[in-house]
Ligand SMILES: C[S@@+](CC[C@H](N)C(=O)[O-])C[C@H]1O[C@@H](n2cnc3c(N)ncnc32)[C@H](O)[C@@H]1O
């Protein structure tokens, strides 16, 4: 096939000319169970340049390193329509080879996504696995995390660490979710801010897992939305867009992954509600402030006696709010976990709630009892999330009688 030959020639030519950056293959259509994507890059091992093939399976990652000539042979065997979407990144231009349903190839040349400093092998002396690499990373550079050489900028190390930790969590949840069998995965990042995690989510879904991804960032600040849309275009992330608006007002849309990290106060509840309503396969939250429940805890009773200091009331409100959130998620059919996201030295807002949609039967009575007991203990008059989920609630009247 002419197109495949041209693609191979472009790959071999870029290796010879030293302009090769990387080659990614997605939409696997071959017979190997569980294989999703393949990413090829140059690696320097013991002074020798190798082609490193990173095979991404549903439940594992496999790396095979080849010398250039056998690597090109392996590459050829994988380009014959085994993967249906291939992209060669070079510093001069990019090449995209796709196959349609009838296996007809289409080859297009694209503007180079990476600059001249991106080519050449990387060392393999890194000990810690990074999900998101700083080298050749357009969005990390545009977001001021890394420079063009792929070095993390001074003072941005903890942000980079946080991004990778988030993707690590995303990856582990993904492996236990129902999303592995879906061809197209959608995600909404609510309160996306500067978009660090939104970009990383898109990168993870498309380049690491090999899915077609539709990712939306929702953010109230239009200047951030415009900036992020510009970076998405520059990075060639065609399935990623940012919309201006409030989470609660955003239109309901398909959402396999609902994300809300550090969205203020009840914005986290709006995000949970949106995720549950969309029947998202997973919901990832890191709550910010907890003002709503704090206001609703009745401080004129026992609680006031035991929690005389503002900071103690605040901490209690955080615990009550986040436990109620996890219970409402459980009630809605999710398996939840609450844990410390990153070290508290990076941020004190480091609690994470993850929820994965589960098939197991929920003991609704037990969960409802726990919700009522918790609300009763702290005399919580009204819970914003509960009101969203159960506007005609049966919980409140029964709770009122139990207090
Ligand atoms: C602390 S930043 C976090 C950004 C991002 N999620 C992260 O963790 O890197 C919170 C962002 O949420 C936005 N935000 C707060 N409430 C919102 C709402 N109701 N709807 C949309 N965005 C909201 C703020 O403008 C801000 O940019």
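In this note's numbering, the protein residues as written are 5 to 407.
Where is the CB? At the ideal position from N, CA and C, for every residue including glycine.
| query | result |
| --- | --- |
| If you measure from the CB of residue 294, is any heavy atom of ligand 1 nearer than 7 Å? | no |
| Alpha carbon to alpha carbon, what distance is there between residue 69 and residue 51? | 14 Å |
| Note the first and the last residue of the continuous beta strand (DSSP E) segment covering residue 107. | Taken as a continuous stretch (DSSP letters only), residue 107 belongs to no beta strand (DSSP E), as it is neither H nor E. |
| What does DSSP give as the partner residues of residue 326 in its beta bridges? | Beta-bridge pairing links residue 326 to no other residue. |
| For the alpha helix (DSSP H) containing residue 60, name the first residue and the last one. | From DSSP, residue 60 is part of no alpha helix (DSSP H) but of the beta strand (DSSP E) over 52 to 61. |
| So the candidates are 345, 354, 15 and 309; which of them puts its Cα closest to the Cα of residue 101? | 15 |
| Ignoring anything shorter than 4 residues, give me the alpha helix (DSSP H) runs that lie fully in the region 56 to 98, in order along the chain. | 72 to 83 |
| Is the CB-CB distance between residue 32 and residue 41 below 8 Å? | yes |
| Does any heavy atom of ligand 1 sit closer than 7 Å to the C-beta of residue 224? | yes |
| Evaluate the contact criterion for the region 176 to 192 versus the region 148 to 160: three or more CB pairs, one atom per stretch, below 8 Å. | no |
| How is residue 216 classed by DSSP in three states: helix, strand or coil? | strand |
| Does the beta carbon of residue 194 fall short of 7 Å from some heavy atom of ligand 1? | yes |
| Just reading off the beta strand (DSSP E) that residue 40 is part of, what are its end residues? | 39 to 49 |
| Roughly how far, in whole angstroms, is the beta-carbon of residue 273 from the beta-carbon of residue 372, given that I think they are within contact range, below 8 Å? | Actually they are not in contact, since the Cβ atoms of residue 273 and residue 372 sit about 18 Å apart, beyond 8 Å. |
| Less than 8 Å between the C-beta atoms of residue 142 and residue 239, yes or no? | yes |
| Per DSSP, what kind of secondary structure is residue 135 in: helix, strand or coil? | coil |
| Looking at residue 268 and ligand 1, is the gap between the Cβ and the nearest heavy atom below 7 Å? | yes |
| If you reduce the DSSP assignment to three classes, tell me which class residue 247 lands in. | strand |
| Roughly how many angstroms separate the alpha carbons of residue 82 and residue 28, rounded to a whole number? | 11 Å |
| Output the distance between the C-alpha atoms of residue 243 and residue 218, rounded to the nearest integer angstrom. | 5 Å |
| Rounded to a whole number of angstroms, what is the C-alpha to C-alpha distance between residue 333 and residue 25? | 43 Å |
| Can you tell me whether DSSP reads residue 275 as helix, strand or coil? | helix |
| In whole angstroms, what is the alpha-carbon distance linking residue 345 and residue 177? | 14 Å |
| From residue 54 to residue 326, what distance separates their C-alpha atoms? | 49 Å |
| Give me the Cα-Cα distance between residue 251 and residue 278, rounded to the nearest whole angstrom. | 8 Å |
| Can you tell me where the beta strand (DSSP E) with residue 260 in it begins and where it stops? | Neither: residue 260 is in no beta strand (DSSP E) and is coded neither H nor E. |
| Out of curiosity, what's the CA-to-CA distance linking residue 174 and residue 375? | 28 Å |
| Does the Cβ-Cβ distance between residue 181 and residue 384 come in under 8 Å? | no |
| Compute the Euclidean distance between the alpha carbons of residue 8 and residue 146, then round it to the nearest angstrom. | 33 Å |
| If contact is defined by three or more beta carbon pairs under 8 Å, each pair taking one atom from either stretch, is the region 164 to 173 in contact with the region 219 to 238? | no |
| So, helix, strand or coil for residue 129, using DSSP? | Confidence at residue 129 is low in this model, with a pLDDT of 43, below 50, so the placement of that residue is unreliable and no value is reported for it. |
| Just to confirm, does residue 200 get its C-beta within under 7 Å of one of the non-hydrogen atoms of ligand 1? | yes |
| Looking only at DSSP bridge pairs, what is residue 171 linked to? | According to DSSP, residue 171 bridges with nothing at all. |
| Compute every distance between the C-beta of residue 1 and the non-hydrogen atoms of ligand 1, then say whether any falls below 7 Å. | The requested residue 1 is not part of the displayed model; the chain covers only 5 to 407. |
| Between 328, 395 and 353, which has its C-alpha nearest residue 377's C-alpha? | 328 |
| Closer than 7 Å to a non-hydrogen atom of ligand 1 - does that hold for the CB of residue 279? | no |
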